[in-house]
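Colleague: One structure, pasted below without further comment.
Number of protein chains: 2
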Amino acid sequence: MAQKPGIPKGTRDFSPIEMARRNYIFDIIKRNFRLFGYKQIETPAMENLSTLMGKYGEEGDKLLFKIQNSGDFLKSCSDEELVGHNLVKLTNKMCEKGLRYDLTVPFARFVVQHRNDLTMPFKRYQIQPVWRADRPQKGRYREFYQCDADVVGSDSLLNEAELLSLIDKVFAELGINIVVKINNRKILSGIAETIGEADKIVDITVAIDKIDKIGLENVNAELREKGLSEEAISRLRPVLELSGTNDEKLAVMAEMLKDSEVGMKGIAEMREVMAAIDAIGHKGEMQIDISLARGLNYYTGTIIEVKAADVQIGSITGGGRYDNLTGVFGMPGLSGVGISFGADRIYDVMCQLELFPKNLGQSVKVFFVNFGQKEAMQSLRYANALREAGISAQVYPDNAKMKKQMSAADSDNVPYVAFVGESELGKDAIVLKDMATGEQTTLTLAELIEKLK
Amino acid sequence: MAQKPGIPKGTRDFSPIEMARRNYIFDIIKRNFRLFGYKQIETPAMENLSTLMGKYGEEGDKLLFKIQNSGDFLKSCSDEELVGHNLVKLTNKMCEKGLRYDLTVPFARFVVQHRNDLTMPFKRYQIQPVWRADRPQKGRYREFYQCDADVVGSDSLLNEAELLSLIDKVFAELGINIVVKINNRKILSGIAETIGEADKIVDITVAIDKIDKIGLENVNAELREKGLSEEAISRLRPVLELSGTNDEKLAVMAEMLKDSEVGMKGIAEMREVMAAIDAIGHKGEMQIDISLARGLNYYTGTIIEVKAADVQIGSITGGGRYDNLTGVFGMPGLSGVGISFGADRIYDVMCQLELFPKNLGQSVKVFFVNFGQKEAMQSLRYANALREAGISAQVYPDNAKMKKQMSAADSDNVPYVAFVGESELGKDAIVLKDMATGEQTTLTLAELIEKLK
Numbered sequence: 479m480a481q482k483p484g485i486p487k488g489t490r491d492f493s494p495i496e497m498a499r500r501n502y503i504f505d506i507i508k509r510n511f512r513l514f515g516y517k518q519i520e521t522p523a524m525e526n527l528s529t530l531m532g533k534y535g536e537e538g539d540k541l542l543f544k545i546q547n548s549g550d551f552l553k554s555c556s557d558e559e560l561v562g563h564n565l566v567k568l569t570n571k572m573c574e575k576g577l578r579y580d581l582t583v584p585f586a587r588f589v590v591q592h593r594n595d596l597t598m599p600f601k602r603y604q605i606q607p608v609w610r611a612d613r614p615q616k617g618r619y620r621e622f623y624q625c626d627a628d629v630v631g632s633d634s635l636l637n638e639a640e641l642l643s644l645i646d647k648v649f650a651e652l653g654i655n656i657v658v659k660i661n662n663r664k665i666l667s668g669i670a671e672t673i674g675e676a677d678k679i680v681d682i683t684v685a686i687d688k689i690d691k692i693g694l695e696n697v698n699a700e701l702r703e704k705g706l707s708e709e710a711i712s713r714l715r716p717v718l719e720l721s722g723t724n725d726e727k728l729a730v731m732a733e734m735l736k737d738s739e740v741g742m743k744g745i746a747e748m749r750e751v752m753a754a755i756d757a758i759g760h761k762g763e764m765q766i767d768i769s770l771a772r773g774l775n776y777y778t779g780t781i782i783e784v785k786a787a788d789v790q791i792g793s794i795t796g797g798g799r800y801d802n803l804t805g806v807f808g809m810p811g812l813s814g815v816g817i818s819f820g821a822d823r824i825y826d827v828m829c830q831l832e833l834f835p836k837n838l839g840q841s842v843k844v845f846f847v848n849f850g851q852k853e854a855m856q857s858l859r860y861a862n863a864l865r866e867a868g869i870s871a872q873v874y875p876d877n878a879k880m881k882k883q884m885s886a887a888d889s890d891n892v893p894y895v896a897f898v899g900e901s902e903l904g905k906d907a908i909v910l911k912d913m914a915t916g917e918q919t920t921l922t923l924a925e926l927i928e929k930l931k
Numbered sequence: 479m480a481q482k483p484g485i486p487k488g489t490r491d492f493s494p495i496e497m498a499r500r501n502y503i504f505d506i507i508k509r510n511f512r513l514f515g516y517k518q519i520e521t522p523a524m525e526n527l528s529t530l531m532g533k534y535g536e537e538g539d540k541l542l543f544k545i546q547n548s549g550d551f552l553k554s555c556s557d558e559e560l561v562g563h564n565l566v567k568l569t570n571k572m573c574e575k576g577l578r579y580d581l582t583v584p585f586a587r588f589v590v591q592h593r594n595d596l597t598m599p600f601k602r603y604q605i606q607p608v609w610r611a612d613r614p615q616k617g618r619y620r621e622f623y624q625c626d627a628d629v630v631g632s633d634s635l636l637n638e639a640e641l642l643s644l645i646d647k648v649f650a651e652l653g654i655n656i657v658v659k660i661n662n663r664k665i666l667s668g669i670a671e672t673i674g675e676a677d678k679i680v681d682i683t684v685a686i687d688k689i690d691k692i693g694l695e696n697v698n699a700e701l702r703e704k705g706l707s708e709e710a711i712s713r714l715r716p717v718l719e720l721s722g723t724n725d726e727k728l729a730v731m732a733e734m735l736k737d738s739e740v741g742m743k744g745i746a747e748m749r750e751v752m753a754a755i756d757a758i759g760h761k762g763e764m765q766i767d768i769s770l771a772r773g774l775n776y777y778t779g780t781i782i783e784v785k786a787a788d789v790q791i792g793s794i795t796g797g798g799r800y801d802n803l804t805g806v807f808g809m810p811g812l813s814g815v816g817i818s819f820g821a822d823r824i825y826d827v828m829c830q831l832e833l834f835p836k837n838l839g840q841s842v843k844v845f846f847v848n849f850g851q852k853e854a855m856q857s858l859r860y861a862n863a864l865r866e867a868g869i870s871a872q873v874y875p876d877n878a879k880m881k882k883q884m885s886a887a888d889s890d891n892v893p894y895v896a897f898v899g900e901s902e903l904g905k906d907a908i909v910l911k912d913m914a915t916g917e918q919t920t921l922t923l924a925e926l927i928e929k930l931k
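Taken in sequence, the protein lines are chains R and B.
In case it helps, the numbering used here puts the first sequence at residues 479 to 931.
In case it helps, the numbering used here puts the second sequence at residues 479 to 931.
Here it is, written out as structure tokens:
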């Protein structure tokens, strides 16, 4: 026997039960995307490297999977270059294409390429795998799905409110209790500006994020180390001690930021978003969180992050508003706001909380035992009639021992087993066994369909 | 303005309307796969090259997209090797992974790798893209989806009958009239054996295929050129002149092949498959076609091909039985039968015959015009209530000119536009315009939901 074949590290096969669970999540997300008017697009797995390179930083360039040119991939490389081992240069000559790293850059490319066919604002959703040559580890894969929804071409904050409502609906339907954390980049800019340390916005945000874990004194010590003045540290204090309801937080911030134009713009935006999502109504908690700073270099307004309330795990969804999605492709000034559902983490949360419906592992509703050629023919006809009525059914293909057939039905978690044996032949009779109760009844085909429909 | 970005040749973006149409096809195929008890799996886009190489012939190896190793991809290559330009050797050293070329080899790898977790017979379906570095041309892409269903671990011919029934149901639901052509590899072997030219099976099959186009005399001339004896050519004549019903064809063949064991096995298998699919019932035509020889080196029993009856286009679905799916991975003796739906061609047929439902391009059912902040808040609440009832809705995010908003609704093919203006505020009233008739009515929210549910 040859060595068992395997798959590249960091990639996964999905078994039928895993697929059923993943589809359960994706179907709920898709259904809600559609209820909100997001339209699906797909882009190719391979993009030109010129589209991808330089969009994810130097580290990101290294994490792109590059596809070797077909045919003579060495034709642009001189012998000197080859033995020179300049990897970046040689890769550029041997590879013109790479696998997409996320759905955002391909979407930006899509918008620019098809801009004459798109009506703005354009609401799109996209659910496709992405690939990253990251070091694989628990919960981090080299191939994973992203589920993104974005609206581009509209500055209106109603878009933010609708995305929050969409998030709320998806998780309510999945049965996951959530806390949605909301921030605004302009408020963070306003804070840095107000305390006179506009260039230290990253250090300040890190400090705000650590306050619960390490306390005020340690945070201030860190800020001193980063070079913040004593005055700045003291002026930052109200932010570090921020607590209470959303309204209380907003009141403190508004007082603090009253002389910062950008800060007050952030406060106004936050107020409008919160008022709108409250007007719509929501089940999950919507919590202003000034420490939230994901994608700081990317987002320019609202920042959103979702945490599961009952499981210790990182963010399960995130997003925000950006001002210049397509500038890098020569189409400036296009603002948008989007979110991305983290399918793998949502899957883990659903498993941990046992939220998947119990019957997801079923292959069919009715499993016909095979008693031989004639009986199987009759069973095929019955199975066909069930399928016509939308009821899934299969006939065991071989006239195997009863024990083997029943064990196949068991392992497929089938709810009903049907017997059409010699004594049922020639009459309209099916013996149906309810696998949960063990109860057996004899039914006509019409009765069977009526019962299972 | 920078140069407009593009995508690699042979790949495609799918716009919302294209996605809606593709989903329409995939959803019908998936629904039927499930009705028949096929279970979904997914495998990674990247497989180890050791899994893929040598499985598709020498030409196929060249058409694999290979992924350059991360990090120092030159580390196994000596300078002599680099300047030696042995492309095959260097590729093997620079690339460990490739993109999957079809779904069959990954499925075989999956079955071997997970054999301890699978109950045989195993019915799986898989719908994923594949990649081939073919020269792109009209209708041939470098990235395209395959939709495969296979049963492995069962020799029963009921599997063939069920696959034929599945094909019949899918195309009936899509509205495409089909002719299903059915052959059996063993009959072809029997013919070659009977006329004493067992090694000329390919030439004989090609000749059978040409008879309608070039006539008996020309076919015989070609066979002479290929080196068939006059006696063989004369004994082949009944096959070339085969016509009539399936039963008539079977009778002629049975008489001709009566001394060939393998030929009579093929006839018996064909009779059993035809009897079973006739017992189940079918809408499309099931036609025995001795000229059908697709995948001659691969299939060992039944061969299936589907043509659209009303459109001139190649095969839109195909499949057959194979005897040794997993032997190449060290697990011999596993028989199976499978089919593959050609999604791109089915799409083209549906377009040509205008079979897609008219409303596929709709983004939402109800489009709320935005009359300003207060009105929009009220509209958001209404939209939320509609979505709770499963009715898709969106609020235009900006208080733009009416003309612009209506034109957005138009381009999205929206069936209903809702107006909540100043005079509707503070009362439970929505003005609804039916975009097909132009009719306007004023409704309460409950009436609106009732009307559209």
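Just so it is clear, CB atoms sit at the ideal spot from N, CA and C, and this is done for glycine as well.
No experiment lies behind these values; they were computed from the predicted model shown.
With a Cβ-Cβ cutoff of 9 Å, do Val898/R and Phe845/R count as a contact?
Modeller: Within the first sequence, numbered from 1, the residue matching residue 898/R stands at position 420. Within the first sequence, numbered from 1, the residue matching residue 845/R stands at position 367. No, they are not a contact pair.
Colleague: For Lys659/B, collect the residues of the same chain with a Cβ closer than 6 Å to its Cβ; drop the 5 residues on either side in sequence, then sort them by chain order.
Modeller: On the second sequence, position 181 is the one that residue 659/B refers to. Excluding residues within five positions, the ones whose Cβ falls inside 6 Å are Gln765, Asp767, Leu770, Glu783.
Colleague: By the 10 Å Cβ neighbour count, where 16 or more other Cβ atoms means buried, how is Pro875/R classified, buried or exposed?
Modeller: Numbered from 1 along the first sequence, position 397 holds the residue referred to as residue 875/R. Under this definition Pro875/R is a buried residue.
Colleague: Cβ of Ile665/R within 9 Å of Cβ of Ile745/R?
Modeller: Counting from 1 along the first sequence, the entry for residue 665/R is found at position 187. Counting from 1 along the first sequence, the entry for residue 745/R is found at position 267. In this structure, Ile745/R lies closer than 9 Å to Ile665/R by Cβ.
Colleague: Considering only residues of the same chain and omitting the five flanking positions on each side of Ile689/B, which have a CB-CB separation below 6 Å?
Modeller: Here residue 689/B corresponds to residue number 211 of the second sequence, with the count starting at 1. Cβ neighbours of Ile689/B beyond the five flanking positions: Val697, Leu718.
Colleague: Report the three-state DSSP secondary structure of Pro599/B (helix, strand or coil).
Modeller: Walking along the second sequence from the start, residue 599/B turns up at place 121. If DSSP states are grouped into helix, strand and coil, Pro599/B belongs with coil.
Colleague: Using only the alpha-carbon positions, how far apart do Met731/B and Leu720/B sit?
Modeller: Counted from its first residue, the second sequence places residue 731/B at position 253. Counted from its first residue, the second sequence places residue 720/B at position 242. Distance between the alpha carbons of Met731/B and Leu720/B: 9 Å.
Colleague: Whole angstroms is fine: what's the gap from Ala886/R's alpha carbon to Gly839/R's?
Modeller: In the first sequence, residue 886/R corresponds to position 408, counting from 1. In the first sequence, residue 839/R corresponds to position 361, counting from 1. So the alpha carbons of these two residues sit roughly 13 Å apart.
Colleague: Exposed or buried, which one is Arg499/R when buried takes at least 16 other CB atoms within 10 Å?
Modeller: Residue 499/R sits at position 21 when you count from the first residue of the first sequence. It is buried - the Cβ of Arg499/R has at least 16 other Cβ atoms within 10 Å.
Colleague: Could you check how far apart the C-beta atoms of Phe819/R and Thr780/R are, in whole angstroms? I think they sit under 8 Å.
Modeller: For this step, residue 819/R is matched to residue 341 along the first sequence. For this step, residue 780/R is matched to residue 302 along the first sequence. Not confirmed; about 17 Å, so no contact.
Colleague: Since Pro614/B and Val590/R are thought to touch, with beta carbons under 8 Å apart, how far apart are those beta carbons, to the nearest angstrom?
Modeller: The residue given as residue 614/B occupies position 136 in the second sequence. The residue given as residue 590/R occupies position 112 in the first sequence. The Cβ separation is near 22 Å, so there is no contact.
Colleague: Check each residue of the segment 570–585 of chain R: if its Cβ is closer than 8 Å to any Cβ of chain B, include it; give the result in chain order.
Modeller: Correct list: Met572, Cys573, Glu574, Lys575, Leu577.
Colleague: Does DSSP classify Tyr860/B as helix, strand or coil?
Modeller: Taking the first residue of the second sequence as position 1, residue 860/B is located at position 382. The answer is helix: DSSP assigns Tyr860/B an H, G or I state.
Colleague: What did DSSP end up calling Met991/R once you bin it into helix, strand or coil?
Modeller: Since the displayed chain R opens at 479 and closes at 931, residue 991/R lies outside it and no answer follows.
Colleague: Look at His760/R and Leu642/R and say whether their C-beta atoms are less than 9 Å apart.
Modeller: Taking the first residue of the first sequence as position 1, residue 760/R is located at position 282. Taking the first residue of the first sequence as position 1, residue 642/R is located at position 164. Yes.
Colleague: For Met459/B, which residues from the same chain have a beta carbon less than 6 Å from its beta carbon, with the 5 sequence-adjacent residues on both sides left out?
Modeller: For chain B, the structure presents residues 479 to 931; residue 459/B sits outside this window and is missing.
Colleague: Where does Glu621/R sit, in a helix, a strand or coil, going by DSSP?
Modeller: Here residue 621/R refers to the residue found at position 143 of the first sequence. Correct three-state label for Glu621/R: strand.
Colleague: In terms of residues, what are the limits of the beta strand (DSSP E) holding Gln840/B?
Modeller: Along the second sequence, one-based indexing puts residue 840/B at 362. Premise fails: Gln840/B is in no beta strand (DSSP E) and is neither H nor E.
Colleague: Taking 9 Å as the threshold (beta carbon to beta carbon), is Phe514/B in contact with chain C?
Modeller: Judged by its chain identifiers, the structure shown contains no chain C, and its protein chains are R and B.
Colleague: Run down chain R in chain order and give the residues with a C-beta less than 7 Å from the C-beta of Ala650/B.
Modeller: Position 172 of the second sequence, counted from the start, is the residue given in the question as residue 650/B. Residues of chain R passing the Cβ test: none, with the nearest at roughly 10 Å.
Colleague: With the cut-off set at 9 Å, would you say Arg578/B and Phe514/R are in Cβ contact?
Modeller: Taking the second sequence and counting its residues from 1, the one referred to as residue 578/B is at position 100. Taking the first sequence and counting its residues from 1, the one referred to as residue 514/R is at position 36. No, the Cβ-Cβ distance between Arg578/B and Phe514/R is not below 9 Å.
Colleague: How is Gln790/R classed by DSSP in three states: helix, strand or coil?
Modeller: Counted from its first residue, the first sequence places residue 790/R at position 312. Of the three classes helix, strand and coil, the one that applies to Gln790/R here is coil, per DSSP.
Colleague: Whose CA, out of Phe511/R, Gly916/R, Met752/R, lies closest to the CA of Thr723/R?
Modeller: By one-based count along the first sequence, residue 723/R stands at place 245. Nearest of Phe511/R, Gly916/R, Met752/R to Thr723/R, Cα basis: Met752/R.
Colleague: Which residue from Val608/R, Asp626/R, Glu900/R puts its Cα closest to that of Tyr619/R?
Modeller: The count along the first sequence starts at 1 and reaches residue 619/R at position 141. When each option's Cα is compared against that of Tyr619/R, the closest is Val608/R.
Colleague: Taking Ala627/R as the reference, give the member of Asn661/R, Gly814/R, Ile545/R with the closest Cα.
Modeller: For the purposes of this step, residue 627/R is taken as residue 149 along the first sequence, with counting starting at 1. Residue Gly814/R is the option with its Cα nearest to Ala627/R.
Colleague: So, is Ile485/R buried or exposed, given that buried needs 16 or more other C-beta atoms within 10 angstroms?
Modeller: Residue mapping note: residue 485/R aligns to position 7 of the first sequence, counting from 1. The residue is buried, with at least 16 neighbouring Cβ atoms inside 10 Å.
Colleague: So, with DSSP's three-state summary, where would you put Asp612/R?
Modeller: Here residue 612/R is taken as the residue at index 134 of the first sequence, counted from 1. Asp612/R falls in the coil class under three-state DSSP.
Colleague: Compare the Cα-Cα distances from Val684/R to each of Thr672/R, Leu701/R, Glu675/R, Gly668/R and report the closest residue.
Modeller: Taking the first sequence and counting its residues from 1, one reaches residue 684/R at position 206. When each option's Cα is compared against that of Val684/R, the closest is Leu701/R.
Colleague: According to the neighbour-count rule (16 or more other Cβ atoms, all chains shown, within 10 Å of its Cβ), is Cys573/R buried or exposed?
Modeller: Your numbering for residue 573/R matches position 95 in the first sequence. Cys573/R should be labelled buried.
Colleague: According to DSSP, simplified to helix, strand and coil, what is Phe551/R?
Modeller: As a working mapping, residue 551/R is identified with position 73 in the first sequence. Here Phe551/R sits in coil by DSSP.
Colleague: Give me the DSSP bridge partner(s) of Arg799/B.
Modeller: Locating residue 799/B in the second sequence gives position 321, where the first residue counts as 1. Val815/B, per the DSSP bridge assignment.
Colleague: What are the start and end residues of each continuous beta strand (DSSP E) run of 3 or more residues lying completely inside the segment 846–913 of chain R, in chain order?
Modeller: Runs of the beta strand (DSSP E) inside the segment 846–913 of chain R: 871–873, 894–897, 908–912.
Colleague: Who are Gln518/R's beta bridge partners in DSSP?
Modeller: Locating residue 518/R in the first sequence gives position 40, counting from the first residue. DSSP lists Tyr603/R as partners of Gln518/R.
Colleague: Quick one, which residues of the segment 863–877 of chain R are near chain B if we go by CB-CB under 9 Å, in chain order?
Modeller: From the segment 863–877 of chain R, only Leu864, Arg865, Glu866, Gly868, Ile869, Ser870, Ala871, Gln872, Val873, Tyr874, Pro875, Asp876, Asn877 have a Cβ closer than 9 Å to chain B.
Colleague: Leaving aside the five residues before and after Leu581/R along the sequence, list all residues of the same chain whose C-beta is less than 8 Å from its C-beta, in chain order.
Modeller: As a working note, residue 581/R is residue 103 in the first sequence. Result list for Leu581/R: Thr521, Gln604, Gln606, Val608, Gln624, Asp626, Ser818, in chain order.
Colleague: Chain B beta carbons: is any one of them nearer than 9 Å to that of Asp906/R?
Modeller: The sequence position of residue 906/R within the first sequence is 428, counting from 1. No - not a single Cβ of chain B is within 9 Å of the one on Asp906/R.
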